[in-house]
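Asks:
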Amino acid sequence: MNPLKQVIGIDCGQKELVCRFGELTPDLESTLKARKTCPNTATGIETLIRWADGLAGGSVAPVFVVEATGIYHQKLAYELYHQGRPIVVVLPSRASHFAKTLKVRTITDSSSAEALMQMGLEKNLDLWQPPHPIFATLKQLTRERKRLKDEMNRLKNQRHADEGSVEALPETLGRINQRLQLAEEHIVAIEKQIQTLIAENEELRQKFSCVCSIKGVGLMTAATVVGEADGFSMARNARQLVSYAGYDIVEKQSGTSVKGKARISKKGNTYIRRALYFPAITAARHDQHLGRFYERLHEKHNIKMKAYTAVQRKLLVLIYTLWTKQEPYDSNYQHKKVEQPEPAAPHELA
1 MNPLKQVIGI
11 DCGQKELVCR
21 FGELTPDLES
31 TLKARKTCPN
41 TATGIETLIR
51 WADGLAGGSV
61 APVFVVEATG
71 IYHQKLAYEL
81 YHQGRPIVVV
91 LPSRASHFAK
101 TLKVRTITDS
111 SSAEALMQMG
121 LEKNLDLWQP
131 PHPIFATLKQ
141 LTRERKRLKD
151 EMNRLKNQRH
161 ADEGSVEALP
171 ETLGRINQRL
181 QLAEEHIVAI
191 EKQIQTLIAE
201 NEELRQKFSC
211 VCSIKGVGLM
221 TAATVVGEAD
231 GFSMARNARQ
241 LVSYAGYDIV
251 EKQSGTSVKG
261 KARISKKGNT
271 YIRRALYFPA
281 ITAARHDQHL
291 GRFYERLHEK
301 HNIKMKAYTA
311 VQRKLLVLIY
321 TLWTKQEPYD
331 SNYQHKKVEQ
341 PEPAAPHELA
């Protein structure tokens with residue numbers, strides 16, 4: 001009997017690709033057929049593909065399912081895509097929620113690969129397509145800019161400490177100042193490159209103009225969010241985007257004895273959350289509706305950070321809405337029409 005579906009779940013590590021090959025039979029039973037581990041190199045990927053071709057049978061092409069784990073899955077995903085093979089890239093939060101439904105007690109590379117295989121067999125997953133090169137470039141440039149900003153903060157702290165020391169060497173302070181000046185020059189060059197990249201694409205320019213009409217959201221913030229979200233191609237709706245950024249709400253409740261506090265998961269893209277930190281503070285101070293929203297939450301919880309985090313979440317959805325609809329920000333209209341996503345239930349993320 002020919003299988004209904006064939007799936008290869010792959011846990012992508014820095015050095016190894018742990019693979020599990022499974023099939024869905026006409027009786028709707030899923031079975032694990034084979035295991036293999038290959039090095040995460042060009043040669044290892046070729047070996048994996050030959051192994052998959054040797055196992056594939058029937059008229060159904062095997063689907064490769066991987067988790068978006070940093071950068072370690074990228075070489076494999078691009079190679080499979082360029083060879084015309086069906087490849088699915090699953091968000092970490094979604095893979096994690098699905099693994100919990102399997103009641104996996106110990107998380108290992110093998111169990112993760114098997115969970116991805118099972119997920120591909122049970123669910124109809126969207127095939128992956130690489131992001132537009134512009135968004136990949138934006139991600140690289142904004143991350144480089146962030147590293148330089150962090151380096152400047154460290155150097156300024158070091159200079160402050162050295163200036164307060166009686167044993168400070170003028171030569172040391174001079175070298176710190178030179179490194180600060182160089183980092184600042186590089187940041188200016190990166191920002192000009194980002195501005196040029198956006199200005200040369202009319203569609204991008206219009207979309208960024210809409211997003212930057214939000215009070216507190218500048219071009220670098222918008223570029224960071226859009227770049228990290230691959231132009232929002234990795235999310236089908238606002239709820240998935242919120243989960244991708246780690247703003248989804250998690251709670252732990254059991255009967256009447258266990259009632260944990262609701263909090264954001266933080267299991268998502270930290271670059272987006274960091275980029276929205278200061279814009280949320282500015283928006284809460286200068287936007288009438290977001291300011292009232294912040295004050296309401298602050299009065300309720302008396303925790304500033306919790307209220308500002310909620311504003312960040314609201315800003316992210318607002319950026320997504322303006323980007324997809326290509327509309328400028330209208331405070332009165334947007335806060336009537338933009339519906340904030342409810343916390344995603346585990347079964348909806350799986």
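Taken in order, the sequence shown gives residues 1 to 350; the numbers are from the UniProt record's numbering.
Don't be surprised by glycine CBs; every beta carbon is placed ideally from N, CA and C.
These figures come from a predicted structure and were not determined experimentally.
1. Tell me whether the stretch 117-133 and the stretch 178-190 touch, counting them as touching only if at least three CB pairs, one residue from each stretch, are closer than 8 Å.
2. Go ahead and pull the three-state DSSP assignment for residue 85.
3. Would residue 202 pass as a contact of residue 272 if the rule is Cβ separation under 8 Å?
4. Below 8 Å on the Cβ atoms is my contact criterion, and I expect residue 63 with residue 116 to pass it. Report the Cβ-Cβ distance as a whole number of Å.
5. Which residues in the same chain have their Cβ closer than 6 Å to the Cβ of residue 319, if we skip the five residues on either side of it in sequence?
6. Ignore the nearest five residues each way along the sequence and tell me which others in residue 77's own chain have a CB closer than 8 Å to its CB.
7. Use the C-beta contact count for residue 234: other C-beta atoms within 10 angstroms, 16 or more gives buried, fewer gives exposed.
8. Could you tell me the alpha carbon to alpha carbon distance between residue 50 and residue 270, rounded to whole angstroms?
9. Spatial neighbours of residue 36 within its chain, please: CB distance less than 6 Å, with the 5 preceding and 5 following residues excluded, ordered by chain position.
10. Let me know the secondary structure DSSP gives residue 242 once reduced to three states.
11. Where residue 247 and residue 171 are concerned, what is the direct C-alpha to C-alpha distance, given to the nearest angstrom?
12. In whole angstroms, what separates the C-alpha of residue 105 from that of residue 305?
13. Grouping DSSP H, G and I as helix and E and B as strand, with all else coil, what is residue 131?
14. Using a C-beta cutoff of 8 Å, does residue 80 count as contacting chain B?
15. Counting only the same chain and skipping the five closest in sequence on each side, list residues whose C-beta sits under 6 Å from that of residue 213.
16. Taking the DSSP output, what are the residues bridged to residue 361?
17. Measure how close the beta-carbons of residue 17 and residue 55 come, nearest whole angstrom, since I'm counting them as under 8 Å.
18. Is it the case that the Cβ atoms of residue 118 and residue 22 are separated by a distance below 8 Å?
19. Specify the secondary structure class of residue 20 as computed by DSSP and reduced to three states.
20. With which residues is residue 64 paired in a DSSP beta bridge?
21. Terminal residues of the continuous beta strand (DSSP E) containing residue 36?
22. Residues in its own chain within less than 8 Å of residue 111 by CB, not counting five upstream and five downstream?
23. Pull up the distance between the alpha-carbon of residue 282 and that of residue 294, whole angstroms please.
24. What does the alpha-carbon distance come out to for the pair residue 346 and residue 74?
25. Would you give the residue range spanned by the alpha helix (DSSP H) that residue 327 belongs to?
26. Have a look at residue 352 and residue 24 and give me their C-alpha separation to the nearest angstrom.
27. Going by the beta-carbon positions, is the gap between residue 194 and residue 168 smaller than 8 Å?
28. Within a Cβ cutoff of 8 Å, which residues of the same chain sit near residue 236, ignoring the five residues on either side of it in sequence?
29. When you compare only the Cα positions, how much space is there between residue 10 and residue 71?
30. Pick from 61, 34, 96: whose alpha carbon is nearest that of residue 83?
31. Comparing alpha-carbon positions, which option in 14, 28, 34, 278 lies nearest residue 69?
32. Between 275, 302, 144, 303, which has its C-alpha nearest residue 315's C-alpha?
33. Contact check, residue 312 vs residue 280 under 8 Å by CB: the rounded distance?
34. Give the DSSP-derived three-state secondary structure of residue 54 in the structure shown.
Replies: This is what the structure gives:
1. no
2. coil
3. no
4. About 11 Å separates the beta carbons of residue 63 and residue 116, which is beyond the 8 Å limit, so they are not a contact pair.
5. 211, 225
6. 66, 87, 89, 128, 130
7. buried
8. Approximately 37 Å, taken between the alpha carbons.
9. Excluding positions up to five away in sequence, the list reads 19, 51.
10. helix
11. 46 Å
12. 34 Å
13. coil
14. The displayed structure is made up of one protein chain only, and chain B is not part of it.
15. 328, 329
16. As shown, the chain starts at 1 and ends at 350. That puts residue 361 outside it, with no answer to give.
17. That belief does not hold up - the Cβ atoms of residue 17 and residue 55 are roughly 15 Å apart, past 8 Å.
18. yes
19. strand
20. 8, 87
21. 30-39
22. The residues 99, 104, in chain order, have a CB closer than 8 Å to that of residue 111 in the same chain once the five nearest residues on each side in sequence are set aside.
23. 11 Å
24. Confidence at residue 346 is low in this model, with a pLDDT of 42, below 50, so its placement is unreliable and the value that follows should be read with caution. Their Cα atoms are separated by approximately 26 Å.
25. First-last for residue 327: undefined, no H or E at that position.
26. Lying before the first or after the last residue shown, residue 352 is absent from the chain, which here runs from 1 to 350.
27. Not in contact: residue 194 and residue 168 (Cβ atoms no closer than 8 Å).
28. 126
29. 14 Å
30. Considering only alpha carbons, the answer is 61.
31. For residue 69, the closest C-alpha among the options 14, 28, 34, 278 is that of 14.
32. 275
33. 4 Å
34. helix
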